[in-house]
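Q: In my numbering, the protein residues as written are 86 to 265.
The beta-carbon is built from N, C-alpha and C at its ideal position, and this holds for glycine as well.
1. Out of curiosity, what's the CA-to-CA distance linking residue 92 and residue 211?
2. Assign residue 200 to one of three DSSP states: helix, strand, or coil.
3. Once you ignore the five residues that flank residue 221 on each side, which residues in its own chain have a CB closer than 8 Å to its CB?
4. Grouping DSSP H, G and I as helix and E and B as strand, with all else coil, what is residue 133?
5. Per DSSP, which one or two residues make a beta bridge with residue 223?
6. For residue 168, does the three-state DSSP call read helix, strand or coil?
7. Give the DSSP bridge partners of residue 182, in chain order.
8. When DSSP builds the beta bridges, which residues end up paired with residue 217?
9. Check residue 190 in the structure and name its three-state DSSP category.
10. At the level of alpha carbons, what is the spacing between residue 149 and residue 171?
11. Going by beta-carbon coordinates alone, are residue 246 and residue 110 separated by less than 8 Å?
12. Is it right to say residue 239 is buried, meaning 16 or more other beta carbons lie within 10 angstroms of its own, or is it exposed?
13. Taking only three categories from DSSP, how would you classify residue 288?
14. Contact between the segment 174 to 184 and the segment 116 to 131: three or more CB pairs below 8 Å?
15. Determine, using beta carbons only, whether residue 235 and residue 143 come nearer to each other than 8 Å.
16. Just the C-alpha distance for residue 89 and residue 253, rounded to the nearest angstrom, thanks.
17. Are the CB atoms of residue 231 and residue 184 within a distance shorter than 8 Å?
18. In whole angstroms, give me the CA-to-CA distance for residue 305 and residue 207.
19. How is the alpha helix (DSSP H) around residue 158 delimited, first residue to last?
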């Protein structure tokens, strides 16, 4: 199961592109509302989450995804249950993925020390001891996957598919959506 955390102010394209493409690839994905069942993104788009954080049981997690958006990232930082879930998924050796400002949460949790990563350019100073890969759309280092911004949501989502389903599945989805 892939869990995508949605906090008020999340960046819609960074959350919903991975949900859409992962589901096309056959992955089980559940969106998790941190501030209730209906969560509004940074552009006032309301999304009905599949579940709320109080119902999250990460025992079946294969991956947890943190979209960016400064409000959404602040919501994640302010939610103890969300932070505990990220730590637990990482400790279990499963995938932890974050895009835009989301990787700064991973840095705060000490998960990026010595790890190659990327983030929104204006957030690099908040990446702690991560090894920043300049100019990368997304970076996979072991079980950590990071993406740069809304403009890289599709390559980020394809990297998530590759991690879970393999390169053939990622290529098939890229062909299906006619990525250029």
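A: According to the data block:
1. Spanning the two alpha carbons is a distance of roughly 20 Å.
2. Shown here, residue 200 sits in coil according to DSSP, grouped into three states, outside any helix or strand.
3. Cβ neighbours of residue 221 beyond the five flanking positions: 203, 233.
4. Residue 133: strand per DSSP, three-state reduction.
5. DSSP, once it has assigned bridges, lists 232 as partnering residue 223.
6. In the three-state DSSP reduction, residue 168 falls in the helix class (H, G or I).
7. 150, 230, per the DSSP bridge assignment.
8. According to DSSP, residue 217 bridges with 202.
9. DSSP places residue 190 in helix when its eight states are reduced to three.
10. The alpha-carbon atoms of residue 149 and residue 171 are separated by roughly 7 Å.
11. Their beta carbons are under 8 Å apart, which means residue 246 touches residue 110 by this criterion.
12. Residue environment for residue 239: buried (at least 16 other C-beta atoms within 10 angstroms of its C-beta).
13. Any answer about residue 288 is impossible in this case: the structure gives the chain only from 86 up to 265.
14. Counting C-beta pairs closer than 8 Å gives fewer than three between the segment 174 to 184 and the segment 116 to 131, which falls short of the contact rule.
15. Taking 8 Å as the Cβ cut-off, residue 235 and residue 143 do not qualify as a contacting pair.
16. Going from the Cα of residue 89 to the Cα of residue 253 covers about 23 Å.
17. Yes, they are a contact pair.
18. The displayed coordinates of the chain run from 86 to 265. Any statement about residue 305 would go beyond what the structure contains.
19. If you look at residue 158, you'll find it in the alpha helix (DSSP H) that goes 155 to 162.
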